[in-house]
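*Asks:* Count along the sequence shown starting at 1, add 40, and that's the number in my numbering. For each residue, glycine too, the CB sits at the ideal point set by N, CA and C. Here the structure is a predicted model, which is why all the values come from computation and not from measurement.
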Amino acid sequence: MRDALALAVEAARAGLDVPVGAVILGPDGSTVARAHNQREEQRDPTAHAEIVALRAAAAAVGRWRLDGHTLVVTLEPCTMCAGAVTVARIARLVYGAADPKTGAAGSLWDVLRDRRLPHRTEVLGGVLAAECGALLRDFFAQRRATAAGPTAE
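1) Need the endpoints of the beta strand (DSSP E) that Val113 sits in, please.
2) Could you pull out every residue in the same chain whose Cβ sits closer than 7 Å to the Cβ of Leu168, ignoring the five residues on either side in sequence?
3) Alpha carbon to alpha carbon, how far is Gly108 from His159? Give it in angstroms, no decimals.
4) Below 8 Å, can you find three or more Cβ-Cβ pairs linking the segment 111-118 to the segment 131-148?
5) Return the chain-ordered ranges of every alpha helix (DSSP H) run that is complete within the segment 48-116 and spans a minimum of 4 residues.
6) Can you give me the C-alpha to C-alpha distance between Ala192 and Ala181, rounded to a whole angstrom?
7) On the criterion of 16 or more Cβ atoms from any shown chain inside 10 Å, does Asp139 qualify as buried, or is it exposed?
8) Around the Cβ of Leu157, are there at least 16 other Cβ atoms within 10 angstroms (buried) or fewer (exposed)?
9) If you draw a straight line from the C-alpha of Ala52 to the C-alpha of Arg153, how long is it?
10) Alpha carbon to alpha carbon, how far is Ala128 from Ala75?
11) Tell me which residues share the same chain as Leu175 and place their Cβ nearer than 8 Å to its Cβ, disregarding the 5 neighbours each side in the sequence.
12) According to DSSP, which residues form a beta bridge with Asp150?
13) Between Cys121 and chain C, is any beta-carbon pair separated by less than 8 Å?
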């Protein structure tokens with residue numbers, strides 16, 4: 041999670057997109073892929089950290105099935121990302137901050153453990169949640185302050 045958090049911090053410093061970092065670990069624990077949100081950079085609504093990392097991992101291992109791999113991400117995945125995790129056959133998801141508005145790994149929906157799907161992913165949430173959540177809260181507070189502009193006295 042520290043590696044994913046470092047990626048999110050880098051993204052926060054750039055200020056372009058919501059600071060979310062993702063790392064995919066192979067079955068042996070080695071890092072296969074690393075990414076951060078790139079929606080603004082790529083002008084692509086699907087360029088969430090998880091999707092970018094999944095694409096990079098599939099390219100690195102030479103197949104789309106990522107059996108035995110672990111996705112570590114600083115924010116609970118949305119439904120799009122949870123669906124991609126399921127399709128990629130990711131074995132386990134570790135996430136930091138829960139997302140009560142769009143989270144699909146237990147907060148709002150539980151796509152990854154839905155018994156109707158052919159693959160279920162082991163989910164561990166809340167890892168370094170305070171740090172991951174603080175980074176997101178600071179990012180949005182700064183965004184709101186910038187959008188509000190200077191206050192008149």
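*Replies:* To lay it out plainly:
1) 110-115
2) Met41, Leu45, Gly136
3) 12 Å
4) yes
5) 79-82, 89-101
6) Low local confidence applies: a pLDDT of 46 at Ala192 is under 50, so the model's placement there is unreliable, with the coordinate-based value given in what follows. Looking at the two C-alpha atoms, the distance is approximately 19 Å.
7) buried
8) With a threshold of 16 other beta carbon atoms within 10 Å, Leu157 falls short and is exposed.
9) Each residue's Cα considered, the two are about 31 Å apart.
10) 16 Å
11) By the criterion of a C-beta distance shorter than 8 Å, Leu175 is surrounded in its chain by Leu45, Ala48, Val49, Ala52, Pro59, Thr114, once the five residues flanking it on both sides are discounted.
12) Ala145
13) Absence of chain C from the displayed structure is noted, only one protein chain being present.
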